[in-house]
Amino acid sequence: MAFLPPNEFSDSMLAMGASLGVSAGMAMSLEDKVIAMVGDSTLYHAALPGIVNLIHHNSNVTLFVLDNSVTAMTGQQFNPNSPFNAGGHPARKINMEKMFEALGADSVTIIDPYETRDCIAPIKKAIEADGFNVIISRRECALYGDRLKKEAGEKIIPSENVKDTCRSIYACVKDFYCPAITIDEADGKMVIQQDLCDGCLECRQVCPVDAPQHMEVEK
Numbered sequence: 050m051a052f053l054p055p056n057e058f059s060d061s062m063l064a065m066g067a068s069l070g071v072s073a074g075m076a077m078s079l080e081d082k083v084i085a086m087v088g089d090s091t092l093y094h095a096a097l098p099g100i101v102n103l104i105h106h107n108s109n110v111t112l113f114v115l116d117n118s119v120t121a122m123t124g125q126q127f128n129p130n131s132p133f134n135a136g137g138h139p140a141r142k143i144n145m146e147k148m149f150e151a152l153g154a155d156s157v158t159i160i161d162p163y164e165t166r167d168c169i170a171p172i173k174k175a176i177e178a179d180g181f182n183v184i185i186s187r188r189e190c191a192l193y194g195d196r197l198k199k200e201a202g203e204k205i206i207p208s209e210n211v212k213d214t215c216r217s218i219y220a221c222v223k224d225f226y227c228p229a230i231t232i233d234e235a236d237g238k239m240v241i242q243q244d245l246c247d248g249c250l251e252c253r254q255v256c257p258v259d260a261p262q263h264m265e266v267e268k
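Shown next as structure tokens:
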């Protein structure tokens with residue numbers, strides 16, 4: 050959840066699934082808008098009672114669900130948001146957006162986090178709206194997606210930073226938080242570690258000068 054420095058993305062982190070219960074209390078005591086985050090597996094594991102409580106009390110909270118189709122933090126296990134059960138057999142996937150609508154959420158919006166610039170407007174709208182509003186950020190876990198590509202024999206082409214174009218603005222570091230991005234201490238330019246990069250090129254979307262690009266790969 051990028052809680053620790055240098056990212057400090059959130060103000061409070063208590064326990065797995067606690068964001069909804071904590072948000073309910075904060076919404077009753079604060080004038081500021083409260084924003085909660087939860088992963089898709091934790092949503093079904095521990096967050097549903099908190100969501101019911103928020104809707105029941107008409108709480109002014111925006112919820113971000115990080116929907117990546119698997120339990121990414123513990124090794125990409127399947128969960129009720131996956132089309133397979135824990136044993137890898139076909140199972141009935143829960144329709145998350147219909148569930149929120151049935152519970153009475155004021156709005157449910159689905160975004161693709163890989164379309165960074167297109168996400169800004171719907172996120173602002175959900176945060177500024179009154180009531181309980183849900184943003185579902187839907188994109189498969191990068192590690193899980195890479196594994197599927199490798200199993201299918203697809204080549205993963207990593208990205209690289211064109212140093213002649215890079216102006217050391219560091220938007221890719223300050224606003225993106227990709228673990229594949231580091232800084233070359235010799236020249237202060239951004240460097241993409243190819244062994245960690247999966248070539249999504251999201252860093253290019255936040256770069257004002259479009260310095261990152263796919264590497265040239267010999268066929």
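Per our numbering: the sequence shown = residues 50 to 268.
A virtual CB, placed ideally from N, CA and C, is assigned to each residue, including glycine.
Nothing here was measured: the structure is a model prediction, and the numbers come from that model.
| Check | Outcome |
| --- | --- |
| Between which two residues does the alpha helix (DSSP H) carrying Leu192 extend? | Ala191 to Glu200 |
| I need the straight-line Cα distance from Cys227 to Ile84, nearest angstrom please. | 22 Å |
| Candidates Met62, Ile241, Ile100 and Ile159: which alpha carbon is nearest Ser208's? | Ile241 |
| In terms of residues, what are the limits of the alpha helix (DSSP H) holding Glu209? | Premise fails: Glu209 lies in the beta strand (DSSP E), Ser208 to Asn210, not in any alpha helix (DSSP H). |
| Does the stretch 107 to 117 come close enough to the stretch 75 to 89 that 3 or more CB-CB pairs lie under 8 Å? | yes |
| Shortest alpha-carbon distance to Gln254 belongs to which of Asp236, Asn210, Asp233 and Glu234? | Asn210 |
| Along the chain, where does the beta strand (DSSP E) containing Ser186 start, and where does it finish? | Phe181 to Arg187 |
| Is the beta carbon of Glu251 less than 8 Å from the beta carbon of Tyr163? | yes |
| Please state the DSSP three-state secondary structure of Met264. | coil |
| If you draw a straight line from the C-alpha of Glu57 to the C-alpha of Asp259, how long is it? | 26 Å |
| Suppose the cutoff is 8 Å on Cβ atoms and the five residues either side in sequence are ignored; what does the same chain contact list for Glu150 look like? | Val157 |
| Using DSSP with H/G/I as helix, E/B as strand and the rest coil, what is Ala85? | strand |
| Would you identify the three-state DSSP class for Thr214, choosing helix, strand or coil? | coil |
| So the candidates are Thr165, Ala191 and Gly153; which of them puts its Cα closest to the Cα of Phe225? | Thr165 |
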